[in-house]
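Under the working numbering, think of the first position of the sequence shown as -2, with each following residue one higher.
Even for Gly, the Cβ is constructed at its ideal location relative to N, Cα and C.
As the structure is a prediction and not an experimental result, all values here were calculated from the model.
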Amino acid sequence: MSKVYVFDHPLIQHKTALIRKTETGTKDFRELVVEISRLMGFEATRHLPLKEVEIETPICKTKVNMLDGEDVAIVPILRAGLGMVDGFLDLVPNAKVGFVGLYRDPDTHQPVEYYCKLPNDISEREIFVLDPMLATGGSAAAAIDFIKERGGKKITFMCLIAAPEGIEVLQKAHPDVNIYAAAKDECLNEHAYIVPGLGDAGDRIYGTK
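Laid out in structure tokens, this is it:
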């Protein structure tokens, strides 16, 4: 079964509290999402492999650890996941970026893919799937299905707020995918919104209703 990491770092908790507030405007919300994503990225990339290489400092030659390649892919789930990309790219600027677009069928309520563009070498990359909200888990599970169908193997899911229901669905569908969240909330309400949550992340990032 996959592991769930909920961050207790004071800065992440503080910034997550700010994005929950109704009075936090679009500009501040967008900037805070980038900042939280950057902070979360430090821990989410902890497992990236290192190799020992020899370099020359101004004093002498020495052996140091560096990333064993920078084979990372970032895949936001459109549209809200785009808000987390820049924070992650600050850490891994050479990462390739793919995109998965989903909508919910009004009759079946199942996620339907309308767009998927991934790096050609996705099977060789460490993949970080980004979406601010893990609510029902349906979109996250479907997006990872689409990535795996195209060869993706090493996948991590990152979100800002997770509901227990979404965690359960994602773990059941993809027990090999670890989940990183800034906060784990109480439940979903009757409209499938996370409680207490922060509202619609996409609307708050882009100022739409």
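Checklist line | Straight-line gap, A160 to D182 (C-alpha atoms, nearest Å) | finding: Taking the straight line from one Cα to the other gives about 5 Å.
Checklist line | C-beta contact flag for V97 and I164 at 8 Å | finding: It is not a contact, given that the beta carbons lie outside the stated cut-off.
Item checked: Touch test, the region 101 to 119 against the region 39 to 54, Cβ-Cβ under 8 Å, three pairs minimum -> Cβ pair count under 8 Å is below three, so no.
Notebook entry, point to check: Taking the C-alpha atoms as reference points, what is the distance between L195 and K18?
Noted result: Their backbone Cα atoms lie some 7 Å apart in a straight line.
Notebook entry, point to check: CA-CA distance, I141 and Y112?
Noted result: Put simply, the backbone Cα of I141 is about 13 Å away from that of Y112.
Next item on the list: Using three-state DSSP, classify D58 as helix, strand or coil.
Entry: The question names Asp, yet the displayed sequence has Lys at residue 58. Taken through DSSP and simplified to helix, strand or coil, K58 comes out as strand.
Margin query: I'd like the list of long-range same chain contacts for L127, defined as Cβ closer than 6 Å, with 5 residues on each side in sequence excluded.
Written below: Taking L127 as the centre and dropping the five residues before and after it, the same chain places the C-beta of P73, G78, M81, M155 closer than 6 Å to its C-beta, in chain order.
Margin query: Would F85 and G38 be called neighbours here (beta carbons separated by less than 8 Å)?
Written below: In this structure, F85 sits near G38, with a CB-CB distance shorter than 8 Å.
Next item on the list: Alpha carbon to alpha carbon, how far is L8 from E20? Give it in angstroms, no decimals.
Entry: Between E20 and L8, the C-alpha separation is close to 20 Å.
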